[in-house]
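Peer 1:
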Amino acid sequence: MTASQPAANRRPATGASAMLAVDWTRCDGHGLCAALLPGAIQVDEWGYPILDQSELATRPRSELTRAVSACPALALRRA
Ligand code: SF4
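In my numbering, the protein residues as written are 379 to 457.
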């Protein structure tokens, strides 16, 4: 982790409940994932996603797969 990462994303993944992860070297911060998974992914003031792993764990696998497939930067992946 680096100091340049958005603060909310520095928290560690929560083990078994971690469902998605962001490759920060690829993410462009356009927020498409947040639009596809409202309530589970929010964006910070710079447009970078903030993942709520607990909420993601409640979402159907198909929704997560759709968000991963839609990420234009190939930055979102299954954890
Ligand atoms: S859709 Fe991909 S590139 Fe866009 S904010 Fe989400 S993870 Fe980043």
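Every residue gets a Cβ at the ideal spot worked out from N, C-alpha and C, and that includes glycine.
For the alpha helix (DSSP H) that contains Leu-414, what are its first and last residues?
Peer 2: Looking up residue 414 in the sequence shown gives position 36. Counting along the chain, the alpha helix (DSSP H) containing Leu-414 begins and ends at 410-414.
Peer 1: For Ala-448, which of Ala-457, Ile-428, Ala-412 and Trp-402 has the nearest alpha-carbon?
Peer 2: Position 70 of the sequence shown, counted from the start, is the residue given in the question as residue 448. Closest by alpha carbon: Ala-412.
Peer 1: If you follow the beta strand (DSSP E) that Arg-456 is in, where does it begin and where does it stop?
Peer 2: Translated into the one-based positions of the sequence shown, residue 456 becomes position 78. Where Arg-456 is concerned, the enclosing beta strand (DSSP E) stretches over 454-456.
Peer 1: Please report how far the alpha carbon of Arg-455 lies from the alpha carbon of Ala-399, in whole angstroms.
Peer 2: The count along the sequence shown starts at 1 and reaches residue 455 at position 77. The count along the sequence shown starts at 1 and reaches residue 399 at position 21. Cα-Cα distance, rounded: 5 Å.
Peer 1: First and last residue of the beta strand (DSSP E) that includes Ala-399?
Peer 2: Indexing the sequence shown from 1 puts residue 399 at position 21. 398-400 is the extent of the beta strand (DSSP E) around Ala-399.
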